[in-house]
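Per my numbering, the sequence shown starts with residue 5, numbered consecutively. Backbone N, C-alpha and C define an ideal beta-carbon position, used for all residues, glycine too. What follows is a single structure, written as structure tokens, with notes after it.
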Amino acid sequence: MSNRRNRARSAFGRRWMADNAAPITLRARKFITNRLLARRQFVLDVLHPSRPNVPKTELAEKLATMYKTEKARVVCFGFRTQFGGGRSTGFALIYDDEASQKRFEPKHRLVQSGLETKVDKPSRKLRHERKNRAKKFRGTKKTKAAEPAKKGK
5 MSNRRNRARS AFGRRWMADN AAPITLRARK FITNRLLARR QFVLDVLHPS
55 RPNVPKTELA EKLATMYKTE KARVVCFGFR TQFGGGRSTG FALIYDDEAS
105 QKRFEPKHRL VQSGLETKVD KPSRKLRHER KNRAKKFRGT KKTKAAEPAK
155 KGK
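What follows is the structure, given as structure tokens:
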């Protein structure tokens with residue numbers, strides 16, 4: 005019994021050996037040249053039969069060579085691996101220039117690609133607590149109430 009279980013485990017382990025040199029196939033569907041947003045956009049099907057998944061950085065490099073653009077202008081997101089593996093589907097955008105990318109891309113994706121810096125702000129809970137403390141006062145005392153509570157007490 006245990007021998008059979010060990011065999012099954014080893015067979016599964018061999019099946020998904022992370023072979024990063026294994027070839028992948030990219031297929032673009034629903035390709036649109038969006039002049040208003042200065043980009044090309046499409047649904048991207050990635051076939052990776054001998055790999056568990058493909059990193060977005062690698063996809064961006066391959067798309068940049070395919071569409072003769074620089075890697076920084078390619079944005080890949082929303083990838084879902086199909087059940088059983090071997091195929092993923094997501095969305096890809098290729099911007100014409102950096103200015104249009106900064107103008108139209110959401111801030112979180114600009115931070116991911118390194119074009120913007122992350123805004124460091126206090127936690128959501130802390131912001132709400134400060135707001136509710138300030139509601140108890142009027143006028144100039146509100147600013148004092150909004151300051152963080154003293155830790156010594």
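Problem set entry | L40 in three-state terms, based on DSSP | Stepping through the sequence shown from its first residue, residue 40 is reached at position 36. Correct three-state label for L40: coil.
Exercise. So F108 is in the alpha helix (DSSP H); what residue range does that whole segment cover?
Worked result: Taking the first residue of the sequence shown as 1, we reach residue 108 at position 104. First-last of the alpha helix (DSSP H) with F108: E102 to F108.
Exercise. Taking DSSP as the reference, what is the three-state secondary structure of R239?
Worked result: In the structure displayed, the chain extends from 5 to 157; residue 239 sits before or after that span and is not available.
Problem set entry | S117 (DSSP reduced to helix, strand or coil) | Locating residue 117 in the sequence shown gives position 113, counting from the first residue. Note: S117 maps to helix in three-state DSSP.
For this session: List the endpoints of the continuous alpha helix (DSSP H) containing R128.
Result: For the purposes of this step, residue 128 is identified with residue 124 of the sequence shown, where counting begins at 1. It spans R128 to A138 - the alpha helix (DSSP H) in which R128 sits, taken as one unbroken run.
Problem set entry | Contacting residues, own chain, Cβ-Cβ under 6 Å from E99 (five flanking each side not counted) | In the sequence shown, residue 99 corresponds to position 95, counting from 1. As written in the sequence, residue 99 is Tyr, which differs from the Glu given in the question. Closer than 6 Å at the Cβ level, and outside the excluded window around Y99, lie R43, R77 and Q105.
Exercise. Taking DSSP as the reference, what is the three-state secondary structure of A68?
Worked result: On the sequence shown, position 64 is the one that residue 68 refers to. Three-state DSSP puts A68 in a helix.
Problem set entry | A150: first and last residue of the uninterrupted alpha helix (DSSP H) it sits in | To locate residue 150, count along the sequence shown from 1; it is residue 146. Start and end: K145 to A150.
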